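In this text, residue positions in the sequence shown follow the working numbering: the first is 18, and each later residue adds one.
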Amino acid sequence: MPQTRIQELRREVDQINLEILRLLSERGHLAQEIGTIQSSLGMSQYDPKRELEMLEMLVDANNGPFDDSTIKSLFKSIFQASMVTSQAAEKPKFLSSRAAREDTVVMIGDVAVGNGHSPVLVAGPCAIESYEQVDLTAEFVASRGVKLFRGGAFKPRTNPYSFQGLGEQALRWAREACDKHGLYFIAEIMDARDLDLCLDYVDVLQIGARNSQNFTLLREVGKTDRPVLLKRGLSSTIEEWIMSAEYVLSEGNPNVILCERGIRTYEQYTRNTLDISAVALAKLETHLPVMVDATHSGGRRDLLVPLTKAGLAAGADGVMVEVHPNPAVALSDQKQQMDFDQFDDYLEAVGYDKKLSAHRHEVYGF
Ligand code: PEP
Ligand code: MN
Numbered sequence: 018m019p020q021t022r023i024q025e026l027r028r029e030v031d032q033i034n035l036e037i038l039r040l041l042s043e044r045g046h047l048a049q050e051i052g053t054i055q056s057s058l059g060m061s062q063y064d065p066k067r068e069l070e071m072l073e074m075l076v077d078a079n080n081g082p083f084d085d086s087t088i089k090s091l092f093k094s095i096f097q098a099s100m101v102t103s104q105a106a107e108k109p110k111f112l113s114s115r116a117a118r119e120d121t122v123v124m125i126g127d128v129a130v131g132n133g134h135s136p137v138l139v140a141g142p143c144a145i146e147s148y149e150q151v152d153l154t155a156e157f158v159a160s161r162g163v164k165l166f167r168g169g170a171f172k173p174r175t176n177p178y179s180f181q182g183l184g185e186q187a188l189r190w191a192r193e194a195c196d197k198h199g200l201y202f203i204a205e206i207m208d209a210r211d212l213d214l215c216l217d218y219v220d221v222l223q224i225g226a227r228n229s230q231n232f233t234l235l236r237e238v239g240k241t242d243r244p245v246l247l248k249r250g251l252s253s254t255i256e257e258w259i260m261s262a263e264y265v266l267s268e269g270n271p272n273v274i275l276c277e278r279g280i281r282t283y284e285q286y287t288r289n290t291l292d293i294s295a296v297a298l299a300k301l302e303t304h305l306p307v308m309v310d311a312t313h314s315g316g317r318r319d320l321l322v323p324l325t326k327a328g329l330a331a332g333a334d335g336v337m338v339e340v341h342p343n344p345a346v347a348l349s350d351q352k353q354q355m356d357f358d359q360f361d362d363y364l365e366a367v368g369y370d371k372k373l374s375a376h377r378h379e380v381y382g383f
């Protein structure tokens with residue numbers, strides 16, 4: 018008999034559990050609605066006075082068997098849970114967030130970047146200076162299996178009297194050399210007014226560090242479907258960098274590759290400080306491919322190998338380096354570009370190994 022009674026009571030308890038759950042859910046929805054209104058009014062969602070009033074009301078109504086402190090502690094847990102839910106409901110959902118979708122793979126022609134594909138290497142001169150220079154470099158890096166060629170036609174220079182790049186002429190030369198040697202071409206766009214021009218020549222639109230928060234430019238490249246290599250700003254926080262990517266994504270272009278290129282710190286031994294945690298964090302926080310620009314981050318040839326290895330160890334999907342036939346006479350970044358022999362040594366030192374990719378071409382992969 019007592020066994021049957023226990024079973025009966027347990028069934029009642031089960032029903033009450035379900036009823037409490039239903040009420041908790043209802044309460045949670047109400048709290049979410051209140052939270053939404055409060056944040057639209059710029060009000061804080063934590064209101065200790067209101068919590069105290071609710072606890073007093075509950076203690077007054079408490080008829081046992083639980084004592085007042087137990088009731089208080091149970092309800093404090095409910096208040097806490099409701100606040101977390103209402104804040105989560107208010108947290109904006111970004112297109113760039115890891116939670117938004119599975120890992121993005123950006124296709125540059127037949128080269129896949131991101132989501133565990135072999136890291137890619139981008140190589141080429143800082144700036145395109147002549148047809149001979151771009152043709153020689155393109156031929157050389159292509160002979161080493163590189164598929165992605167870089168070279169600036171519009172150069173963002175601190176000093177307005179420094180070499181500014183050769184504009185359309187440079188784009189034309191580089192396009193010709195890339196087509197001749199089977200390379201994809203990456204070049205920086207500095208001004209939204211050059212978009213149509215750049216679209217005629219480049220496979221990847223690079224947004225430079227100095228334009229990382231040029232929101233007009235970000236929106237314009239976001240209206241295309243061309244892959245975008247988005248450098249981190251000179252002093253951008255990781256959030257600012259990710260929000261810049263969000264600008265491009267929000268206009269409908271999903272093909273964004275983030276590129277950590279070092280940030281400004283007090284350190285003088287390097288041009289910038291490669292923020293290796295930013296590489297790992299960008300991979301954790303977003304679903305976008307992340308690259309490391311080993312050249313501009315350190316600003317030193319002797320750091321290219323360790324910074325490349327560090328970037329790859331942190332999960333980078335690719336690395337960018339500058340290569341020039343004769344860096345000593347380069348019109349920009351003489352100190353950090355590699356000549357062809359140095360590039361060969363670099364490839365060997367970073368363990369860049371010839372292997373057959375999933376694609377038709379033989380490419381190098383780390
Ligand atoms: C570049 O890659 O040519 C360049 C100017 O880099 P950053 O914008 O990162 O300085
Ligand atoms: Mn450069």
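Backbone N, C-alpha and C fix where the C-beta goes; we use that ideal spot for every residue, glycine too. Small disclaimer: the values here were computed from a predicted structure and weren't measured.
Where the beta strand (DSSP E) containing residue i begins and where it ends
i	result
C276	273-277
A140	137-141
A129	128-130
V221	221-224
V123	123-125
Where the alpha helix (DSSP H) through residue i begins and ends
i	result
Q32	19-57
R67	65-78
A295	293-302
M260	255-267
E237	232-239
L305	Careful: L305 lies outside any alpha helix (DSSP H) and carries neither H nor E.
S323	In the sequence as presented, Ser is not what sits at residue 323; that position holds Pro. It spans 321-330 - the alpha helix (DSSP H) in which P323 sits, taken as one unbroken run.
L216	212-218
C-beta contact flag for residue i and residue j at 7 angstroms
i	j	result
G239	E268	yes
L246	I274	yes
G384	V296	Any property of residue 384 remains undetermined from this structure, which presents the chain solely from 18 to 383.
T154	G141	yes
L348	E146	yes
R249	E284	no
S113	A226	no
S99	A144	no
V139	V130	no
A366	V338	no
E237	A209	yes
M308	G335	yes
Member of the options whose CA lies at the smallest distance from the CA of residue i
i	options	result
T121	V367, N132, E284	N132
Y218	T325, Y201, S94, E43	Y201
D127	S179, I259, G199, D77	G199
M124	E302, P244, F83, D370	P244
Y369	T325, H341, D358	T325
L212	V346, F171, N34	F171
N272	L305, M260, D196, L251	L305
DSSP three-state assignment for residue i, whether helix, strand or coil
i	result
D370	strand
V163	coil
K197	helix
K248	strand
L112	coil
A375	Below a pLDDT of 50, predicted positions are generally treated as unreliable, and A375, at 35, falls in that range; the measurement from the model is reported next regardless. Here A375 sits in coil by DSSP.
G335	strand
V101	helix
V340	strand
**Report entry** Check your reading: residues with Cβ closer than 5 angstroms to the ligand MN heavy atoms
**Finding:** C143, D350
Report task. For the ligand PEP, enumerate in chain order all residues having a CB closer than 5 angstroms to any of its heavy atoms. Result -> G169, G225, A226, K248, R278, H313
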